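> In our numbering, the protein residues as written are 539 to 730. Note that the Cβ used here is the ideal one computed from N, Cα and C, for glycine as well. Treat the numbers as computed from the prediction; the structure is a model and nothing was measured. Okay, here's the structure, questions in a sec.
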């Protein structure tokens with residue numbers, strides 16, 4: 539069991555590093571979804587099924603969908619800005635943080651394993667955590683509807699012929715606009 543958990547954590551670390559290294563936003567969002575999925579699997583294996591479900595639905599689900607929609611709207615541009623923190627300093631800080639966390643985990647006392655009654659997943663999902671599931675569904679629905687609202691096309695404004703301007707819109711060929719005025723009586727409709 540410990541080997542599989544360690545393997546899943548290594549997969550999460552590799553995916554996180556790939557998300558940092560990639561220059562394309564779409565690839566980075568998919569790598570981050572992989573990080574969330576592997577972390578959710580680790581949480582489930584460690585006995586935190588509720589937290590794993592929330593991490594999977596929000597971290598790998600809703601946030602990834604919002605990222606992809608935002609990237610679709612804004613465009614997947616390659617960014618070439620220099621790093622804010624020098625690479626050597628960030629590497630040293632990361633390695634020192636890993637060493638400190640390892641030392642803290644090694645020096646912490648062993649926790650006692652407590653046997654608890656395990657309920658079926660459906661009982662936990664719909665009876666014990668029913669409100670949480672409904673809130674998750676509402677959050678996902680609100681997020682998708684918000685993104686769809688952002689992506690919706692603006693409808694053309696229908697103008698009343700009485701309020702149309704006497705000059706053609708910018709970018710219109712004036713000779714074509716003049717012939718259209720003569721044929722349709724556009725000029726006479728504007729100020730009658």
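Between the C-alpha atoms of residue 695 and residue 619, what's the straight-line distance to the nearest angstrom?
Reliability fails at residue 695, whose pLDDT of 48 lies under 50, so the model's placement of it is uncertain and the value that follows must be treated cautiously. Spanning the two alpha carbons is a distance of roughly 40 Å.
> In its own chain, which residues sit with a C-beta less than 7 Å from the C-beta of residue 667, not counting the 5 before and 5 after it?
Around residue 667: 588.
> List the whole-angstrom C-beta distance separating residue 664 from residue 671, where the pair is believed to meet the contact cut-off of C-beta under 8 Å.
With 8 Å as the limit, residue 664 and residue 671 qualify as a contact, their Cβ atoms being about 7 Å apart.
> Comparing C-alpha positions only, which one of 682, 612, 560, 570 sits nearest to residue 549?
It is 570.
> Apart from the five residues on each side of it in sequence, which residues of its chain come closer than 7 Å, Cβ to Cβ, to residue 593?
The answer, listed in chain order, is 574, 577, 578, 581.
> What number of angstroms, rounded off, separates the C-alpha of residue 600 from the C-alpha of residue 611?
If you take the alpha carbons of residue 600 and residue 611, they lie about 17 Å apart.
> From the DSSP output, in three-state form, read off residue 582 for me.
Residue 582 falls in the helix class under three-state DSSP.
> Consult DSSP for residue 561 and reduce its assignment to one of helix, strand or coil.
Coil, per DSSP.
> Measuring alpha carbon to alpha carbon, tell me which residue in 634, 551, 560, 596 is nearest residue 679.
Residue 679 has its Cα closest to that of 596, out of 634, 551, 560, 596.
> Helix or strand or just coil, what does DSSP make of residue 625?
Helix at residue 625.
> Cα separation between residue 682 and residue 604?
About 8 Å.
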